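Peer 1:
2 protein chains.
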Amino acid sequence: MVVLRLLFKNQKMKIESVDFFYVSMPEVLDIGDGSQDALLVRIRAGGLEGWGECEASPLTSISSYYTPMSHSACKPVRYSVEGKQLNGVDDIYKISESVHENSLDLLQADHTLSGIDIALWDLLGKKSDAPVYELLGYKKVFPKLPYASQLFGDTPEETFQKAVKTRNAGYIAVKFGWGPFGKTSVEDDIAQLKAAREGIGADIYLMIDAGTVWKEDVDDAQKRLNALQDVNVFWLEEPFFNGALNAYKKLAGASAVKLAGGEGCNNFMQAQAMINYSGIQFIQIDAGRIGGITVAKRVADLARQKNITYVNHTFTSHLALSASLQPYAGIEKDFICEYPVELKSLAQEIGKEKILPDSDGKIYVPQKPGLGISVNTDALKKYLVDVEISVKNKVIYQTPEL
Amino acid sequence: MVVLRLLFKNQKMKIESVDFFYVSMPEVLDIGDGSQDALLVRIRAGGLEGWGECEASPLTSISSYYTPMSHSACKPVRYSVEGKQLNGVDDIYKISESVHENSLDLLQADHTLSGIDIALWDLLGKKSDAPVYELLGYKKVFPKLPYASQLFGDTPEETFQKAVKTRNAGYIAVKFGWGPFGKTSVEDDIAQLKAAREGIGADIYLMIDAGTVWKEDVDDAQKRLNALQDVNVFWLEEPFFNGALNAYKKLAGASAVKLAGGEGCNNFMQAQAMINYSGIQFIQIDAGRIGGITVAKRVADLARQKNITYVNHTFTSHLALSASLQPYAGIEKDFICEYPVELKSLAQEIGKEKILPDSDGKIYVPQKPGLGISVNTDALKKYLVDVEISVKNKVIYQTPEL
């Protein structure tokens, strides 16, 4: 085994194949639950394979990979990936840069790149016999406090029950989000907030995720600030659309309620703008959207420098969770992490291994090579969505064998 | 005819059909010429039809319109469009808002919405028997000075010849961009800049478009500032990736060379951030990317308030040109406009009418209802790209009849 690994380690690799798998629950509900489908990416090189996941519209991302070129700065994502060298981290940076340059005007490209970049880090980790965080330069990793991330109940009673259940499960940090919150009256929201706090008790971190419900409207958000303070929220997340710097800034200055945001960022510069100009104290990055681990790590470094707390955004599988933990695994001060607790069976079955809280209620990034999560292809077959795309009567994509 | 128009005017309309047409030159070259393909949108309602154009990857945008839902905030664009009321401008605002909300996590949605929004304004203009700018609230329109927008030649000699030709054609403002500029040595760039200036003469506006060649690298850009000043450029455009606020700000402070940028913005907030934090003096908006005329008009209003010059970005058809002119047609101080002069035959043939410079070398936004450009469907048939997309063995998109 050691001999075999050394063999891989010194072998020159080229990217041989990139395959996309659109998997979905049989029925997708009109709720804010991002675990109902997934787009998995499998990359093969030198007898190894890496896996990644795009937190993105599967069909749209697949199209962005295979589409014909529109012009020099609107090339399909595949142009920058297939056949490229993959021998060290610099090769991943090169591919990332190439996608940004050659698919500059292809909006979806960042979401598609995300899963590819994650798969490349996984693959390189396997080749190097090292977890991804080591390749990122972290010598040591620190445990994270997982917050149980879930949707609000449809009623305060339902939220209360969820809160009690989560407390009983041992979580010491809980987030409620989306659902009816912010959509009706202030009184309704107050009832939801009280139910959440009463259910978890006074001693547990409570975060609230508004899911961009107030768009760019500061007044609507401001009406909830007192209630949020009354239940002692640790943060208010995404009151506004990502990038609504003025609205964020105004709300941040209006009370002691700390703001979190950034999950919608699809490149480094958007995250940088949020850090510099929005007044948020927590920058939340989804490696499956921002361009992968490569870009997420840049944001984690900037956040450290600016004394902003970096937090992962993850509402899907443990493969995605591992990918989103890597960029800040070695930063001790960034102590908290999003931990989805309401995953649909699809998202639960993607990874064979699970990232579970230890007896202290903390989680660790996997120690195995790459992302440390192997994909359960057998289990996924039942979720596989058949897709075929043809252009000029030529099939350019067909769901491959899992 | 008057009776018929009145009939339409008072008739309640619902959006009956939305059709996408991917058209392309037979061969697409690896050059920065965005006129090599196009995605046209035809919307029908109440016996009328409106047309729009997405400045976007056609296949990817089509997929974002028809894709199955991923979750409540990642719905296909069609969810917010089909069957909706279209009786006044508020209905267009509603559709725009609905796409932003329901397709929040579908990155490509903004590009797709752009063509739809443009088609809706065209349709509503026809229904109201008014040009779009009137529906936007402009009582009076002002002429714009078109700058002949073109690519650098591969060599300084070629650029010189292009410059001479453009001057002889009567243009008094010229832009060169992309091609080899910024990709090799400072000396090579100086030769290109001198060739451009010598070819057009001293008395003509010269703009230079770096096409994001320096990514986020201020040093690389800074090395060209003296040369840009020496040839008296009116602006330097897109030295960096869209949204690279820090890099823009630093370069803007480094010399008297004025900066332009913003064509990559795909929503209002990104343009707002560029206006507030990048130090640019010209904000360039492509209505075919930013979410259509609706969003572009918001940016034009903000630019006016912030004393930043608004300029259209258009490197495609005259249908797209008309759409991109509408948002600032009534703002006198924003006197200049991008005017593509190297369109491929496809982009030339999209519109039956042309927007041509008058004897003073100025252009006017069309005075006819809607966008004032009718689409030449017969001419486009030869460019039509056959696409078929199926999901779960069901065809969800097939190129419709033109």
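Sequence order for the protein chains is A and B.
Its first residue numbered 1, the first sequence is counted upward by one per residue in the working numbering.
Its first residue numbered 403, the second sequence is counted upward by one per residue in the working numbering.
Even for Gly, the Cβ is constructed at its ideal location relative to N, Cα and C.
Given the structure is predicted, the values throughout are model-derived calculations rather than measurements.
#1: Look up Tyr205(A) in the DSSP assignment and give the residues it is bridged to.
#2: Across the stretch 430-449 of chain B and the stretch 728-735 of chain B, are there enough close Cβ pairs to call them in contact, namely three or more that are closer than 8 Å?
#3: Can Asn795(B) and Asp386(A) be called in contact, C-beta distance under 7 Å?
#4: Ends of the beta strand (DSSP E) at Gln800(B)?
#5: Can you tell me whether DSSP reads Lys14(A) as helix, strand or coil?
#6: Got a sec: is the Cβ-Cβ distance from Met69(A) to anything in chain B below 7 Å?
#7: Do Ser437(B) and Leu773(B) have their C-beta atoms closer together than 7 Å?
#8: Thinking C-beta only, is Asp432(B) closer than 7 Å to Cys476(B)?
#9: Using a cut-off of 9 Å between C-beta atoms, extract the partners of Gly436(B) located in chain A.
#10: Whose C-alpha, out of Lys414(B), Ile464(B), Val430(B), is nearest the C-alpha of Val420(B)?
#11: So for Ser317(A), helix, strand or coil by DSSP?
#12: If we define contact as Cβ-Cβ less than 7 Å, is Met1(A) a contact residue for chain B?
#13: How far does the alpha helix (DSSP H) with Gly517(B) in it extend, from its first residue to its last?
#14: When you compare the CB of Gly663(B) with every CB in chain A, is at least one pair closer than 7 Å?
#15: Step through the CB atoms of chain A and report whether any lies within less than 7 Å of the CB of Lys625(B).
#16: Tell me which residues of the stretch 732-753 of chain B have at least one Cβ-Cβ distance to chain A shorter than 9 Å, keeping chain order.
#17: Within a Cβ cutoff of 6 Å, which residues of the same chain sit near Gly690(B), ignoring the five residues on either side of it in sequence?
#18: Touching or not, the stretch 581-589 of chain B and the stretch 526-546 of chain B, by the rule of three or more beta carbon pairs under 8 Å?
#19: Excluding five sequence neighbours on each side, which residues of the same chain lie with their C-beta closer than 6 Å to the C-beta of Gly581(B)?
#20: In this structure, does DSSP put Ala593(B) in helix, strand or coil?
#21: Could you list which residues in chain A have their beta carbon closer than 7 Å to that of Ser459(B), in chain order?
#22: Do Val231(A) and Tyr193(A) have their beta-carbon atoms positioned less than 7 Å apart in this structure?
#23: Is any beta-carbon of chain A found at less than 7 Å from that of Glu455(B)?
#24: Among the candidates Gly137(A), Ala247(A), Asp378(A), Asn168(A), whose CA atom is the shortest distance from the CA of Thr294(A)?
#25: Rounded to whole angstroms, what's the CA-CA distance from Phe176(A) to Ala196(A)? Just pull it up for me.
#26: Using a Cβ-Cβ cutoff of less than 8 Å, which residues in the same chain neighbour Phe544(B) once the five nearest sequence positions on both sides are dropped?
#27: Using a Cβ-Cβ distance cut-off of 7 Å, determine whether Leu251(A) contacts chain B.
#28: In angstroms with no decimal places, state the Cα-to-Cα distance between Pro759(B) and Ser80(A).
#29: Show which residues of chain A have a CB atom less than 7 Å away from the CB atom of Lys794(B).
#30: Using 7 Å as the limit for Cβ to Cβ distance, is Leu804(B) near chain A?
#31: Could you tell me the distance, in whole angstroms, from the CA atom of Gly445(A) to the CA atom of Tyr650(B)?
#32: Taking only beta-carbon atoms, is Asn266(A) less than 7 Å away from chain B?
#33: At a CB-CB cut-off below 8 Å, which residues of chain A make contact with Asn648(B)?
#34: Which residues bound the beta strand (DSSP E) around Arg569(B)?
#35: Only counting the same chain, and skipping five residues up and downstream in sequence, which positions put a Cβ closer than 6 Å to that of Leu708(B)?
#36: So if I threshold CB-CB distances at 8 Å, which residues from the stretch 693-709 of chain B count as touching chain A?
Peer 2: Put simply:
#1: Working through the first sequence from its first residue, we reach residue 205(A) at position 205. Per DSSP, Ala173(A).
#2: The stretch 430-449 of chain B, when compared against the stretch 728-735 of chain B, does not touch it at the 8 Å Cβ threshold.
#3: One-based indexing of the second sequence puts residue 795(B) at position 393. One-based indexing of the first sequence puts residue 386(A) at position 386. Yes, these two residues count as a Cβ contact at 7 Å.
#4: The residue you call residue 800(B) lines up with position 398 of the second sequence. Element bounds for Gln800(B): 796-800.
#5: Your numbering for residue 14(A) matches position 14 in the first sequence. The answer is strand: DSSP assigns Lys14(A) an E or B state.
#6: In the first sequence, counting from the first residue as 1, residue 69(A) sits at position 69. So, interface residue.
#7: If you number the second sequence from 1, residue 437(B) lands on position 35. If you number the second sequence from 1, residue 773(B) lands on position 371. No; because the gap between Cβ atoms is not below 7 Å, this pair is not in contact.
#8: Residue 476(B) sits at position 74 when you count from the first residue of the second sequence. Residue 432(B) sits at position 30 when you count from the first residue of the second sequence. Contact flag unset, no.
#9: The residue labelled residue 436(B) in the question sits at position 34 within the second sequence. Ser70, His71, Ala73, Cys74, Asp105, listed in chain order.
#10: Along the second sequence, one-based indexing puts residue 420(B) at 18. Minimum Cα distance to Val420(B) is reached at Ile464(B).
#11: The residue labelled residue 317(A) in the question sits at position 317 within the first sequence. Of the three classes helix, strand and coil, the one that applies to Ser317(A) here is coil, per DSSP.
#12: As a position in the first sequence, residue 1(A) is number 1, starting the count at 1. In this prediction, Met1(A) has a pLDDT of 47, which is less than 50 and means its spatial position is unreliable; nothing more can be read from the coordinates.
#13: In the second sequence, residue 517(B) corresponds to position 115, counting from 1. For Gly517(B), the enclosing alpha helix (DSSP H) begins and ends at 511-530.
#14: Against the second sequence, residue 663(B) aligns to sequence position 261. For Gly663(B), not one C-beta of chain A is nearer than 7 Å to its own C-beta.
#15: By 1-based counting over the second sequence, the position of residue 625(B) is 223. No - not a single Cβ of chain A is within 7 Å of the one on Lys625(B).
#16: From the stretch 732-753 of chain B, no residue has a Cβ closer than 9 Å to chain A.
#17: Locating residue 690(B) in the second sequence gives position 288, counting from the first residue. Cβ neighbours of Gly690(B) within its own chain (closer than 6 Å, five residues either side excluded): Glu455, Cys456, Glu457, Ser516, Ala722.
#18: With a cut-off of 8 Å, the stretch 526-546 of chain B and the stretch 581-589 of chain B do not count as touching, because too few Cβ pairs lie within range.
#19: Along the second sequence, read from residue 1 onward, the residue named residue 581(B) stands at position 179. Only Leu553, Phe554 meet the Cβ criterion.
#20: Indexing the second sequence from 1 puts residue 593(B) at position 191. In the structure shown, Ala593(B) sits in a helix (DSSP, three-state: H, G or I).
#21: Taking the second sequence and counting its residues from 1, one reaches residue 459(B) at position 57. Those are Ser64, Thr67, Ser70, Cys74, Leu106, listed as they occur along chain A.
#22: Residue 193(A) sits at position 193 when you count from the first residue of the first sequence. Residue 231(A) sits at position 231 when you count from the first residue of the first sequence. Reading off the sequence shown, one finds Leu at residue 193(A), where the question assumed Tyr. In this structure, Val231(A) lies closer than 7 Å to Leu193(A) by Cβ.
#23: Locating residue 455(B) in the second sequence gives position 53, counting from the first residue. Chain A, which has no Cβ nearer than 7 Å to the Cβ of Glu455(B), makes this no.
#24: Here residue 294(A) is taken as the residue at index 294 of the first sequence, counted from 1. Across the set Gly137(A), Ala247(A), Asp378(A), Asn168(A), the C-alpha of Gly137(A) shows the shortest separation from the C-alpha of Thr294(A).
#25: Residue numbering aside, residue 176(A) sits at position 176 when the first sequence is read from its first letter. Residue numbering aside, residue 196(A) sits at position 196 when the first sequence is read from its first letter. C-alpha separation (whole angstroms): 8 Å.
#26: In the second sequence, residue 544(B) corresponds to position 142, counting from 1. Ala731, Gly732, Ile733, Glu734, Phe737, listed in sequence order.
#27: On the first sequence, residue 251(A) is found 251 positions in, with the first residue counted as 1. Leu251(A) does not count as touching chain B.
#28: Reading the second sequence from its first residue, position 357 is the one you call residue 759(B). Reading the first sequence from its first residue, position 80 is the one you call residue 80(A). Taking C-alpha positions only, Pro759(B) is separated from Ser80(A) by approximately 41 Å.
#29: Here residue 794(B) corresponds to residue number 392 of the second sequence, with the count starting at 1. Neighbours of Lys794(B) on chain A, chain order: Val385, Asp386.
#30: Position 402 of the second sequence, counted from the first residue, corresponds to residue 804(B). Taking 7 Å as the CB threshold, Leu804(B) stays off the interface with chain A.
#31: Because chain A is modelled from 1 through 402, residue 445(A) falls outside the range shown and cannot be assessed.
#32: Start at 1 with the first residue of the first sequence, and residue 266(A) comes out as number 266. Yes, its Cβ sits closer than 7 Å to a Cβ of chain B.
#33: Mapped onto the second sequence, residue 648(B) falls at position 246. The contacting residues are Gln272, Asn276.
#34: In the second sequence, counting from the first residue as 1, residue 569(B) sits at position 167. Counting along the chain, Arg569(B) falls outside any beta strand (DSSP E), though it belongs to the alpha helix (DSSP H) covering 558-570.
#35: For the purposes of this step, residue 708(B) is taken as the residue at position 306 of the second sequence. Per the sequence shown, residue 708(B) should be read as Lys rather than Leu. Ile677.
#36: From the stretch 693-709 of chain B, no residue has a Cβ closer than 8 Å to chain A.
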